[in-house]
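K.L.:
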Amino acid sequence: MNAATAQDKELKQVDWRVKRKHRRLLILFLSIFLLLLASVYGIVSGSVSVSLQDFTQLLSGNADPLTENIVWNLRLPRVILGALVGACLAVSGGILQGVTRNPLADPGIIGISAGGGLAAVITMLVFPAYSYLLPVAAFIGALSAAFLIYVMAWKEGVSVFRMILAGVAVNALLGAITSGIMLLYSDSVQSVLPWLSGGLNGKGWYEVRFFFPYAVIGLTAAMLLIRSANISLLGEDRGKLLGFHVERQRFYLILVAALLAGAAVSVGGLIGFVGLVVPHIIRLLIGGDYRFLHPLSAISGAALVVFADTGARSWFGAVELPVGILMACIGAPFFLMLLRKGGLR
Amino acid sequence: MAIASLQDITIQRGDRVTLQASLEIPEGKITGIIGPNGSGKSTLLHSISNLLKLSSGKVEIKGHDVQTLKRKELAKQVTLLKQSELMPMDFLVQDIVQFGRLPYQNNWQKESSEGNQLIDWAMEECRISHLADRQVDTLSGGERQRVLIAMALVQQTDILLLDEPTTYLDVAHQLDLLHLLQRLHKNHGISIVLVLHDLNQAMQYCDHLVVMRKGAIYQTGEPEHIVTSELLKDVFQIQATISNESDKLWINPIGVYL
């Protein structure tokens, strides 16, 4: 090979490395921009609309007290909650899809959320006096369901295939029990319906304070486990051949996914779809490498939930729809469109 | 010199013994494993690379017991390309090859320039440099196989095990792959062990053969010394003539005894 073609080749290699980096950076900035946009939208819009002028006054600290009160005590915590719930659900779904190597995996489908749901329904209907403990109960419920699934799938090691099946069965069982309890307590069932369809109605700083540490711990742990998440895509044997402790890492991954989903369920109820769809959309755009998938899913999931939650509370006049309903209505057609356009395996 | 030795190993699945063997794998050679379906060839490779639990006996690689060696250390000694490999389809070729560096990395360490050079070298050797930015799902079967081999090369093991690497390839790509392995063996002295179904390929490309039958080793040795019509009848239940052309034996199957 002569010098000219060797140099050419080098240039070409540098070229694709740069191009890929640019594409990923572009999508990163775009999703951060969307999150900012959604957050501003979430702060200014609602039954009392805050004009952009009010907004700038707010930033400089001389807005009228009513606006200030609405923004600080109602809208801001809601935006923060939406962002954290979205990020947690998206990352949790991303992890589960990788660990199980199943594109359908998501905390809502393999029964983790259902555990939270059952615990919440029991708290609200059977022990209504303790309903202030709802987030704690839902969180414990979700983690217990994850633990149950893991134990059920264990037979000289956990097989991902068994895990999915065990998850679906546990999901069905917990769902049935939840419905049963709701029928037994049908006179007060109104109070749980919004929660079950997933919503952030009436949530504020109390929930932020409860949720924040778990979200931060969970998201950080997920980022620390990026390499393990990538290796789980190669399968168990390949992981071992590369000198990796596959079972141990898988346990950590499932634990973190359960923690994230449990925390999200505890404040947001059964918000479906984010965990399933967001990672898939990001995969379509930048590929499945978790080094990029996780951060981007987190940011886009946050943007999506903030946006949908704002829409759910401000688009339908006096009625506040649970965000879960709106999200499924936006998300499902969008996802189907992507699926039809191809590229999604 | 043996680079790997299997000492009285048995592998059981339930009550059934699927493999019972003692074997030495010569260093710096291409060793072919042949035998009919279900004769334990894959099981043998899996046990060398410690993917299967031994019921008894032990496997040593360069004198180290594979079951007690740390996983990362073992991953620097031996690797296996299975018959069908899981590859994340939306990863780039470069990222797949880079996985081979895992045994040499700590969690947050950035890839060293040596590591990057090694990746570039492996891709060059396997002639996939031009595919570096392609997604795996856009590659042909032959290209995917070469990506996996590049990953294994980056792992810098002393032994490379391949389970039927040519099975899903057309004839030209089969030969291409065998030439690649031959070149790697010749230029870098890697000991290669591979399962082959094509007997003539085994005769042409292997320095050493391990013939298996019914979960046991039937015969080992240089192809020219051990392969006879008698052996082919016993092991494969075929009737074949053997001819000698330019110092290599050619097998011509003409009938079966099934």
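So the sequences go chain by chain: R and Y. Just so we're aligned: 119 in full-length UniProt numbering is position 119 of the first sequence, and the numbers increase by one with no gaps anywhere. Just so we're aligned: 122 in full-length UniProt numbering is position 122 of the second sequence, and the numbers increase by one with no gaps anywhere. The C-beta atom is built at its ideal place from N, Cα and C for all residues, glycine as well. Keep in mind that this is a model prediction, so the values were computed, not measured.
(1) Looking at K72/Y and P103/Y, is the spacing between their C-beta atoms short of 8 Å?
(2) Once you ignore the five residues that flank I226/Y on each side, which residues in its own chain have a CB closer than 8 Å to its CB?
(3) Who does T220/Y pair with in a DSSP beta bridge?
(4) Just the Cα atoms here: how many angstroms apart are S51/R and V44/R?
(5) Could you tell me whether the Cβ of E60/Y comes closer than 8 Å to any Cβ of chain R?
(6) Kindly list the residues whose CB is nearer than 6 Å to the CB of F99/Y, restricted to its own chain and excluding five residues on each side of it in sequence; keep chain order.
(7) When we look at the beta-carbon of G14/Y and count the other beta-carbons within 10 Å, is it buried (16 or more) or exposed?
(8) At 7 Å on the CB atoms, spell out the chain Y contacts of K341/R, in chain order.
(9) Measure the beta-carbon distance from I30/Y to L181/Y and round it to whole angstroms, keeping in mind my assumption that it falls under 8 Å.
(10) For A146/R and A172/R, I'd like the C-alpha separation in whole angstroms.
(11) Could you tell me whether the Cβ of L219/R comes closer than 8 Å to any Cβ of chain Y?
(12) With DSSP run on the structure shown, which of helix, strand or coil describes S163/Y?
(13) Have a look at F244/R and T79/Y and give me their C-alpha separation to the nearest angstrom.
(14) Work out the CA separation of R101/Y and N2/R for me, nearest whole Å.
(15) Give me, in chain order, the residues of the same chain whose beta-carbon lies closer than 7 Å to that of E143/Y; leave out the 5 immediate sequence neighbours on both sides.
(16) State the DSSP-derived secondary structure class of P103/Y, mapped to helix, strand or coil.
(17) If you run the structure through DSSP and keep just helix, strand and coil, what is S56/Y?
(18) Any C-beta of chain R sitting closer than 8 Å to the C-beta of T79/Y?
(19) By the criterion of Cβ-Cβ separation under 7 Å, what are the contact partners of A49/Y in chain R?
(20) What's the C-alpha gap between P322/R and L169/Y?
(21) With distances taken from CA atoms, which of R24/R, G288/R and L174/R is nearest N102/R?
(22) Kindly list the residues whose CB is nearer than 7 Å to the CB of F307/R, restricted to its own chain and excluding five residues on each side of it in sequence; keep chain order.
(23) Return no unless some Cβ of chain Y is closer than 8 Å to the Cβ of F244/R.
(24) Would you tell me roughly how many angstroms separate the C-alpha atoms of V278/R and S228/R, rounded to the nearest one?
(25) Could you work out which residue in S243/Y, Q145/Y and Y205/Y is closest to Q83/Y when comparing CA atoms only?
(26) By the criterion of Cβ-Cβ separation under 7 Å, what are the contact partners of D90/Y in chain R?
(27) Out of Q117/Y, H197/Y, K248/Y and K58/Y, state which residue places its alpha-carbon closest to the alpha-carbon of V171/Y.
(28) Report yes if the C-beta distance between A90/R and G275/R is below 8 Å; otherwise report no.
(29) Determine which residues share a DSSP beta bridge with E245/Y and list them.
(30) Name the two residues that bound the continuous beta strand (DSSP E) containing T31/Y.
(31) Classify T10/Y as helix, strand or coil using the three-state DSSP reduction.
(32) Please list, in chain order, the chain R residues whose beta carbon lies closer than 8 Å to that of L74/Y.
(33) Report the partner residues of H64/Y according to the DSSP bridge assignment.
(34) Taking Cβ to Cβ, would you say G324/R is nearer than 8 Å to G269/R?
(35) Give a yes or no on whether the minimum CB-CB distance between N2/R and chain Y is below 8 Å.
(36) Give me the chain Y residues within the contact set of L234/R, using Cβ-Cβ distance strictly less than 9 Å, ordered along the chain.
P.N.:
Based on what the coordinates show:
(1) yes
(2) L209, V211, Q219 and T220
(3) V210/Y
(4) 6 Å
(5) no
(6) M151
(7) exposed
(8) The contacting residues do not exist; K341/R stays about 16 Å from chain Y at best.
(9) 7 Å
(10) 14 Å
(11) no
(12) Note that residue 163/Y corresponds to Asp in the displayed sequence, not to Ser. Of the three classes helix, strand and coil, the one that applies to D163/Y here is coil, per DSSP.
(13) 13 Å
(14) With a pLDDT of 49 at N2/R, under the threshold of 50, the predicted position of this residue should be treated as unreliable, and no value is reported.
(15) I128 and L131
(16) helix
(17) strand
(18) yes
(19) Here residue 49/Y turns out to be Ser, not Ala, going by the sequence shown. Correct list: L241.
(20) 54 Å
(21) G288/R
(22) A38 and Y41
(23) yes
(24) 20 Å
(25) Q145/Y
(26) R283, G287 and G288
(27) H197/Y
(28) yes
(29) K248/Y
(30) I30 to I34
(31) strand
(32) G243
(33) I61/Y
(34) yes
(35) In this predicted model, N2/R has a pLDDT of only 49, less than 50, meaning its place in the structure is not dependable; the value taken from the coordinates is given anyway. Cβ-Cβ to chain Y under 8 Å: no for N2/R.
(36) E85, L86, M87, P88, I96 and F99
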